[in-house]
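Each remark here refers to the structure printed beneath this line.
In our numbering, the protein residues as written are 9 to 364.
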């Protein structure tokens with residue numbers, strides 16, 4: 009069963025039981041243990057999951073964190089649980105203390121509904137003040153599911169998660185600032201925008217006017233984008249309905265936005281060695297192919313996004329394909345060196361042909 013479906017089922021379980029859950033212990037048993045299980049860990053195997061894991065702090069003995077997920081006899085994730093009605097921002101100092109002494113790189117603070125994921129991006133062995141990821145069972149997002157999948161037992165990779173956590177941290181911070189600018193444009197942003205078309209002196213009064221104009225312009229632009237996308241979606245829906253009425257016209261090959269995004273990532277990587285016009289995509293029923301010089305005999309890679317497990321197919325000098333699992337299309341960046349080598353194979357091939 010896919011992670012998304014498991015989360016939906018857990019949400020339904022939590023929603024149906026929470027009014028009968030009156031203690032923290034019951035929250036752990038009914039909500040948190042199933043969450044650990046859906047990540048692939050056996051909560052009844054003390055080699056994998058240790059309840060009441062010792063986290064003594066200095067001379068203060070008997071301190072215990074609710075759960076520690078283990079790997080090779082070391083904690084990789086510690087979990088501190090609260091009653092489902094508790095607000096988590098009142099308790100992050102407690103798990104902060106546990107984080108420092110257990111040497112785990114990840115800590116989860118949860119009330120069984122909201123799961124906050126922490127690490128030590130700011131300072132080694134010191135837990136960050138803010139979580140880099142938050143999973144809320146009441147509002148599950150596709151992007152969050154993708155990040156959560158990295159914590160599953162079968163795909164757990166410390167370096168990949170830390171890289172992702174670093175990206176999430178700054179993306180979240182930028183988004184917060186961006187949303188502030190949408191609501192109330194700052195002097196800096198307003199001056200930046202206005203300076204591109206206005207050469208006059210920007211007085212205090214004029215600046216206030218421009219701030220209001222900027223706010224209206226930004227919101228108008230966003231509304232237009234939303235309206236355009238809605239119109240596009242409605243058009244596609246109409247076309248789909250027409251195709252249903254005329255089965256003969258149904259195309260079996262559908263190029264998705266995600267496939268186009270993957271193509272753009274590959275193109276961005278390969279432009280270091282070849283002009284972008286040399287990189288072409290061709291969609292098929294089985295895979296999304298990316299070719300060198302629009303030549304079927306010069307495959308650069310193949311993207312498989314329509315299957316249960318996303319994959320990228322890479323080619324060696326003999327044009328033998330090897331498939332690699334990816335969780336999101338951003339993972340394509342992890343194969344930059346391999347992709348760049350394919351360009352070398354074909355350019356060296358051309359040199360050999362010219363010399364002969």
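We put the beta carbon where it would ideally sit given N, CA and C, even for glycine.
Let's see if you can read the secondary structure: which residues bound the beta strand (DSSP E) around residue 102?
Unbroken run through residue 102 is the alpha helix (DSSP H), 100–110; no beta strand (DSSP E).
Residues bridged to residue 79 by DSSP?
82, per the DSSP bridge assignment.
Note down, in chain order, each residue of its chain lying with its Cβ closer than 6 Å to the Cβ of residue 16, except the 5 sequence neighbours on either side.
Closer than 6 Å at Cβ, skipping near neighbours: no residue.
Flag this pair as touching only if the segment 129–141 and the segment 105–113 have three or more C-beta atom pairs under 8 Å; answer yes or no.
Yes: the two stretches touch, three or more of their Cβ pairs being nearer than 8 Å.
List the DSSP bridge partners of residue 144.
122.
Considering only residues of the same chain and omitting the five flanking positions on each side of residue 306, which have a CB-CB separation below 7 Å?
Answer for residue 306: 299, 300, 354, listed in chain order.
Give the list of continuous alpha helix (DSSP H) stretches no shorter than 4 residues that lie fully inside the segment 152–218.
The segment 152–218 contains these whole alpha helix (DSSP H) runs: 166–191, 195–202.
Can you tell me whether residue 70 is helix, strand or coil according to DSSP?
Note: residue 70 maps to coil in three-state DSSP.
From residue 62 to residue 319, what does the alpha carbon distance come to, in whole angstroms?
Residue 62 and residue 319: Cα-Cα distance of roughly 40 Å.
Ignore the nearest five residues each way along the sequence and tell me which others in residue 332's own chain have a CB closer than 6 Å to its CB.
Cβ neighbours of residue 332 beyond the five flanking positions: 320.
Assuming residue 55 and residue 73 are in contact, meaning their beta carbons sit under 8 Å apart, how far apart are those beta carbons, in whole angstroms?
At roughly 17 Å, the Cβ-Cβ gap does not stay under 8 Å, so residue 55 and residue 73 are not in contact.
Would you identify the three-state DSSP class for residue 21, choosing helix, strand or coil?
Of the three classes helix, strand and coil, the one that applies to residue 21 here is helix, per DSSP.
Grab me the residues of residue 313's own chain with a C-beta within less than 8 Å of its C-beta, minus the 5 sequence neighbours each way, in chain order.
Closer than 8 Å at the Cβ level, and outside the excluded window around residue 313, lie 264, 266, 267, 270, 296, 337.
Using the C-alpha atoms, what's the distance from residue 189 back to residue 257?
Annotation note: pLDDT 49 at residue 257 (below 50); position unreliable, coordinate value reported separately. Computed Cα separation, rounded: 47 Å.
Compare the C-alpha of residue 345 against each of 277, 81, 98 and name the closest.
Answer by Cα proximity: 277.
Once DSSP output is grouped into helix, strand and coil, what is the label at residue 276?
It is helical.
The alpha helix (DSSP H) spanning residue 307 covers which residue range?
Where residue 307 is concerned, there is no enclosing alpha helix (DSSP H), although the beta strand (DSSP E) it sits in stretches over 307–312.
In three-state terms, what does DSSP make of residue 445?
With the chain running from 9 to 364 in the structure shown, residue 445 is simply not present.
Here's a check: name, in chain order, each residue in its chain whose Cβ is nearer than 6 Å to the Cβ of residue 21, leaving out the five neighbours to either side.
Hits under 6 Å: none found.
From this set, 356, 59, 323, which residue's C-alpha is nearest residue 343's C-alpha?
That would be 323, whose Cα lies nearest to the Cα of residue 343.
With 16 as the cutoff for other CB atoms within 10 Å, does residue 174 come out buried or exposed?
Classification of residue 174: exposed, given that the 10 Å Cβ count is below 16.
Closer than 6 Å by C-beta to residue 350: which residues in its own chain qualify, once you throw out the five before and the five after it? Chain order, please.
Here the set comprises 308, 323.
Kindly identify the DSSP beta-bridge partner or partners of residue 333.
According to DSSP, which records beta bridges pairwise, residue 333 is partnered with 319.
What whole-angstrom Cβ distance do residue 125 and residue 145 have, given they're in contact under 8 Å?
Actually they do not touch by this definition, with Cβ atoms about 14 Å apart.
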